[in-house]
Every structure is written in C-alpha cells, then in structure tokens.
Amino acid sequence: MSLVVMKFGGTSVGSAARMREVASIVASRSGEQRLVVVSAMAGVTNQLFEIADLAKRHETSRAREILQLMEDRHVATARELGLDTPEVLSTLRGILEGIERRVQGIDLLGELSARTMDEIASSGERMSSVLVAGLLGCPLLDARTVVRTDNHFGAARPRYQAIRKLAEQLLMPLLETSEIVVTQGYIGSDEAGDTTTLGRGGSDFSAGIFGAALQAREIEIWTDVEGIMTADPRIVSNARTVDVLSYEEVAELASYGAKVLHPATVRPAVEAGIPVTIRNTMKPDGNFTTISPGASSGRPCAALAMRRNVAILSVVQEAMTDQSGFLARLFEVFGRRGVSVDLVSTSEVCVSVSLDSSAPLDALVEDLHRLGRVSVASNRAVIAVVGDSLRQTPAVLRTAFSAIDGVCVDLISMGANAINLSFIVQEQAAEEVMRRLHAAFFEAA
Ligand code: ADP
Ligand code: ASP
Ligand code: MG
C-alpha cells in the first residue's frame with residue numbers, strides 16, 4: 001500500500017471546525033497509509049514563547065493568565081469535538097502542568113536555557129496532536145521517539161540515518177496495524193532524550209523528514225492558501241497559484257522569506273525523489289502547487305519573495321585593491337561571530353554585505369573598523385525574483401528595472417545559481433516594490 005505524509009499547519013488545526021475539515025481531508029485519501037503531521041493550534045507557539053519570556057522577567061501572573069487561556073482553548077476544542085474524556089483532559093493537563101513547572105523554575109533562576117525553551121515550545125504540537133488523533137480515532141506517535149536530532153536547541157538538525165531506523169522500528173509497525181497515524185511536526189529529541197525543535201515554522205521540515213524516512217509516495221503540505229503563489233497574498237492581492245515549481249525554485253523562495261514553506265523542507269524530499277504538494281485546507285479541491293523531480297516553472301520569474309529585518313554593512317577601504325587577502329579577513333570576522341552573510345556586493349574600494357538585523361551589528365562594526373570605514377544601513381528588506389530560466393532571459397532585467405524605476409535600491413545581486421535576482425530596498429518601500437514587480441511580471445496584458 002502506498003503512503004502519504006499529510007502535514008496540517010496552525011490555521012488548519014486552529015479550531016474544532018477546522019479540525020473536522022482536516023479529518024474529512026484525511027478520510028478522502030482512503031486506501032493509502034497516512035501519516036498526519038500536525039502543527040500547534042494557530043498562535044499557540046507564539047504564546048509559549050511569550051510565556052517563557054514573561055517568566056524570565058518574573059511576570060509570572062501574566063504568564064499564568066496566558067497559560068489559562070491556552071488551557072481553556074484546548075479544553076473547549078476537546079469539548080466541541082466530543083473528546084472531553086478523562087483520558088484526553090488529563091493528557092492536556094499533564095502537558096500544561098509541565099509548562100507551569102518550568103515557568104516556576106525560570107522565575108526562580110531568572111534564567112531561560114535554550115533546552116528549557118524547546119521543552120516549553122514543544123507543548124503546542126503535543127496538545128493539538130492529542131485532539132487530532134482523538135478525532136481521527138487513530139494512534140498518536142510521539143515524534144520525539146523517531147525524529148532524532150543533534151542538540152542544537154531551537155534549530156536542531158535531523159540525524160537522517162537514526163531517524164530511518166527508528167521509523168522502521170516504531171512507525172512502520174503502527175502504520176501496518178492502523179492506516180492512519182498522527183504525530184507532531186516541529187519537535188524531536190537529541191541523543192540524551194531532551195526535547196528539541198527544528199526552528200520556527202519547522203513542521204513543514206518534519207513532513208519532509210518523515211516523508212524521506214518512510215519513502216512516501218507524496219508529501220502534502222496543507223495550509224491556509226492555495227499553494228505557493230506568485231507573491232505573498234497578504235501583500236499582493238492579485239497573487240495567484242504557481243502550479244509547478246522546481247525544488248531549487250522553492251528552496252530559493254523559502255529562504256528569501258516565502259513563509260508558506262520552511263526552507264529546509266524540500267531537501268530531504270529531493271534527496272529521496274518524493275513530490276511535495278502545497279494545498280489549501282479551506283479549499284481541498286482548489287488550486288495547488290506541485291514540486292517534483294525534474295519539474296520546473298520554466299519561467300524567468302515564477303514568483304516573488306520578500307524578507308524584512310535586513311541590514312547592510314559596508315566597509316570602505318581605498319587601499320583594498322593593493323591588499324591581498326582583504327576579503328578573507330573580512331569574512332573571518334563574520335565567521336568568528338557565527339553570523340551568516342546573505343548577499344555580497346564588491347567594488348574597487350567597498351564591500352557591502354547584507355545580514356539579518358538580529359546579528360550583533362555593534363560588535364561586528366567594532367571588529368570591522370580595523371579593516372576600513374564601516375557604515376550600517378538598517379530597516380531594509382530583500383526582495384527576490386525567482387525563476388529557473390531567469391538567467392536565459394535578459395528581458396527580466398529590463399522588466400524588473402523599469403518596474404522599480406525611481407526606487408532607491410541599496411544592493412542588487414544575481415545569485416550564482418542563476419535563478420534569483422535580488423534587490424535590497426528600504427523596508428517602508430518594500431511592499432510597494434513587490435506590488436510593482438508583480439504587476440510587471442504577472443499582470444501585464
Ligand atoms: P502554516 O501554519 O499552515 O504552516 P504559514 O502561516 O506558516 O502556514 O504559511 C502560510 C502563509 O504564508 C500564507 O498565509 C501567506 O500569507 C504566507 N506566504 C508568504 N509568501 C507566500 C507565497 N509566495 N505563496 C503563498 N503564501 C505565502
Ligand atoms: N508551531 C511551530 C511554529 O509556530 C511550528 C510550525 O507551525 O511549523 O513555529
Ligand atoms: Mg508554516
């Protein structure tokens with residue numbers, strides 16, 4: 001029997017009504033083994049981060065208020081679904097008490113370790129999965145028993161070989177006896193058995209990891225939009241679904257800010273040659289996107305993506321051309337501080353790099369002073385035009401540049417992989433630039 005991994009995001013499991021829709025979508029795949037991977041109910045992971053932060057600041061009564069709201073929401077959802085059995089309620093209570101205990105500990109020590117944060121952050125998926133498994137009347141697998149990771153808390157990396165073995169031992173037999181199994185996205189555990197998370201938005205990545213370990217026929221990512229669209233529909237109202245994309249196009253769009261898919265999701269899928277589709281839970285028969293081996297949009301611009309919170313660091317050194325090893329010294333500074341650099345542009349006397357603005361900018365500026373005059377431009381956004389045949393279509397440059405005529409552009413880069421043309425602009429101009437580029441590439445008669 002073939003197997004499909006079906007991942008449902010936060011909005012898709014955000015209420016009892018939505019969970020019922022999930023159940024009917026899962027039922028529609030009858031005749032196949034189905035691993036259902038769920039996110040936390042919408043907003044819950046953000047609340048868990050807020051609770052931990054409040055505890056650190058000793059604002060425990062506010063933390064408890066939010067915890068109470070979270071409990072009320074899960075219990076009310078259980079009740080609406082007819083799942084308010086002593087067993088379900090005590091499982092939910094157990095998870096909530098675990099958070100409560102950790103809030104006390106953080107308050108006492110005034111310290112929040114990344115390990116404790118991951119334990120708290122895992123609670124959302126652990127609670128929602130209890131409800132979805134109850135509704136589907138199927139076994140619930142604790143993802144932490146299968147998704148083995150390193151101990152890089154907050155952004156743990158999967159250990160694929162171990163995961164494959166554990167999936168064979170623990171998950172395959174469950175799928176043999178019950179065609180449907182529910183598990184959590186986002187969470188795993190390290191060698192020592194401590195809970196880890198794969199980073200925000202990591203449930204998509206979990207679906208990729210499970211799909212590869214189980215050699216699934218397909219990985220379905222169910223979300224709140226009709227697939228990957230030509231731009232974020234929250235910014236560009238005319239955005240429309242892109243039917244087919246290559247793995248490279250998707251990875252590029254995701255890493256340039258298209259939140260619809262976690263950037264790491266497609267890697268395990270591509271290595272295992274498994275197609276990924278992105279679908280809308282609210283419109284199960286609507287448009288969707290397919291990413292499969294050998295597929296490509298075939299377009300110079302398949303979609304646009306945008307990422308905010310970008311800063312540009314520039315170093316000017318008139319004597320740069322005479323100094324061999326200047327760039328090596330420059331990048332050594334970033335490497336030492338563990339900062340990943342995004343776009344780079346160099347001229348005779350100046351090097352500019354873009355970074356996420358959460359990078360330790362002051363410390364970097366201090367280090368870089370030894371190399372030349374340093375300046376920082378903050379509040380920037382990077383916008384990427386992504387398409388497999390971008391490089392072979394010189395007209396892309398003309399279309400893009402005329403669309404953004406008059407906009408002050410800080411940095412331009414044509415990715416070495418030839419499928420991405422990016423611009424850095426002031427954050428306040430970014431949405432307007434997106435709309436103009438979208439009009440030029442997708443709305444022109
Ligand atoms: P989920 O909780 O299902 O994982 P997310 O909120 O993480 O959902 O991702 C879906 C959201 O991604 C959409 O609501 C949309 O606003 C945003 N998004 C950003 N870029 C795109 C794009 N190119 N196509 C579709 N959605 C996008
Ligand atoms: N619940 C997690 C988050 O909000 C993971 C996910 O939804 O993908 O980041
Ligand atoms: Mg997501």
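In the working numbering, the protein residues as written are 1 to 445. Glycine included, C-beta positions come from ideal geometry on N, C-alpha and C.
Endpoints, the beta strand (DSSP E) within which residue i is located
i, result
"Ile384", "Position check: residue 384 holds Ala in this sequence, whereas Ile was assumed. Counting along the chain, the beta strand (DSSP E) containing Ala384 begins and ends at Arg373 to Val386."
"Phe423", "Asn420 to Gln426"
"Gln161", "Segment Tyr160 to Leu166 is the alpha helix (DSSP H) holding Gln161; no beta strand (DSSP E) there."
"Thr346", "Val344 to Thr346"
"Thr290", "Thr289 to Ile291"
"Leu170", "Here Leu170 belongs to no beta strand (DSSP E), and DSSP marks it neither H nor E."
"Phe441", "No beta strand (DSSP E) contains Phe441, which DSSP labels as neither H nor E."
"Ser413", "Val409 to Met414"
"Met448", "Because the chain in this structure spans residues 1 to 445, residue 448 falls outside the shown range and cannot be described."
beta-carbon residue i near ligand 1 non-hydrogen atom, thresh 7 Å
i, result
"Ala303", "yes"
"Arg308", "no"
"Thr245", "Thr is not the amino acid found at residue 245; the sequence shown has Leu there. The answer is no for Leu245."
"Thr11", "yes"
"Val44", "no"
"Ala231", "yes"
"Val225", "yes"
"Ile51", "no"
"Ile228", "yes"
"Arg234", "yes"
"Ser39", "yes"
Any non-hydrogen atom of ligand 2 within 7 Å of residue i CB
i, result
"Asp388", "no"
"Gly211", "no"
"Ser255", "no"
"Tyr186", "yes"
"Ser15", "no"
"Ala395", "no"
Assumed close pair residue i, residue j - CB separation to whole angstroms, cut-off 8 Å
i, j, result
"Gln184", "Glu125", "4 Å"
"Val181", "Ile163", "The pair is not a contact, with the Cβ atoms about 15 Å apart (cut-off 8 Å)."
"Ile221", "Pro158", "Not quite, the Cβ-Cβ distance comes to about 17 Å (not below 8 Å), so this is no contact."
"Ala78", "Leu69", "Contact flag wrong, Cβ pair sits at about 15 Å."
"Glu179", "Arg398", "The Cβ separation is near 54 Å, so there is no contact."
"Thr281", "Arg18", "7 Å"
"Gln317", "Val349", "6 Å"
"Ala395", "Ala440", "No, Ala395 and Ala440 are not in contact; Cβ-Cβ is about 11 Å, not under 8 Å."
"Arg101", "Glu119", "Their Cβ separation, rounded to whole angstroms, is 10 Å, which puts Arg101 and Glu119 out of contact at 8 Å."
"Ile312", "Ser354", "5 Å"
"Val22", "Val132", "6 Å"
"Thr230", "Ser189", "About 39 Å separates the two Cβ atoms, so there is no contact after all."
"Glu248", "Asp388", "7 Å"
Contact test: residue i Cβ vs ligand 3 heavy atom, cutoff 7 Å
i, result
"Lys450", "In the structure as shown, the chain starts at 1 and stops at 445, and residue 450 therefore has no counterpart that could be examined."
"Gly449", "The requested residue 449 is not part of the displayed model; the chain covers only 1 to 445."
"Gly208", "no"
"Asp204", "yes"
"Gly294", "no"
"Gly124", "no"
"Gly201", "yes"
Endpoints, alpha helix (DSSP H) assigned at residue i
i, result
"Val396", "Ala395 to Ala403"
"Leu368", "Leu361 to Leu368"
Chain C contact for residue i (CB, 8 Å cutoff)
i, result
"Val351", "The chain inventory of the structure shown lacks chain C, comprising one protein chain alone."
- prompt: Which ranges would you report for the alpha helix (DSSP H) in the stretch 11 to 60 if only whole runs of at least 4 residues count?
  reply: 16 to 27 and 44 to 56
field: At least 3 beta-carbon pairs within less than 8 Å: the stretch 358 to 376 vs the stretch 261 to 268
entry: Judged by Cβ distances under 8 Å, the stretch 358 to 376 makes no contact with the stretch 261 to 268, as fewer than three pairs qualify.
task: Could you tell me which uninterrupted beta strand (DSSP E) segments, each at least 3 residues in length, are contained entirely in the stretch 60 to 125, listed from first to last along the chain?
output: none
task: Determine, using beta-carbon pairs with one atom in the stretch 166 to 186 and one in the stretch 205 to 221, whether at least three such pairs fall under 8 Å.
output: yes
- prompt: Can at least three beta-carbon pairs, one atom from the stretch 188 to 199 and one from the stretch 216 to 227, be found at a separation below 8 Å?
  reply: no
message: Any contact between the stretch 423 to 434 and the stretch 378 to 386? By contact I mean 3 or more CB pairs, one from each, below 8 Å.
response: yes
query: With contact counted as at least three CB pairs below 8 Å, one residue from each stretch, are the stretch 283 to 291 and the stretch 242 to 260 in contact?
result: yes
task: Decide if the stretch 35 to 50 is in contact with the stretch 58 to 75; the criterion is three or more beta carbon pairs, one per stretch, under 8 Å apart.
output: yes
query: Which full runs of the beta strand (DSSP E) of 3+ residues lie inside the stretch 295 to 358, going along the chain?
result: 303 to 316, 344 to 346 and 350 to 356
query: Per the contact definition of three or more C-beta pairs closer than 8 Å, is the stretch 96 to 111 in contact with the stretch 1 to 19?
result: With the rule of 3 Cβ pairs closer than 8 Å, the stretch 1 to 19 does not count as touching the stretch 96 to 111.
message: Within 8 Å, do at least three Cβ pairs link the stretch 370 to 377 to the stretch 295 to 302?
response: no
message: For a minimum of 4 consecutive residues, which ranges assigned as the alpha helix (DSSP H) are wholly contained in the stretch 182 to 262?
response: 203 to 214 and 247 to 255
task: Tell me the start and end of each unbroken beta strand (DSSP E) in the stretch 259 to 283 that is at least 3 residues and wholly inside, in chain order.
output: Scanning the stretch 259 to 283 from its first residue to its last, the whole beta strand (DSSP E) runs of 3-plus residues come out as 276 to 280.
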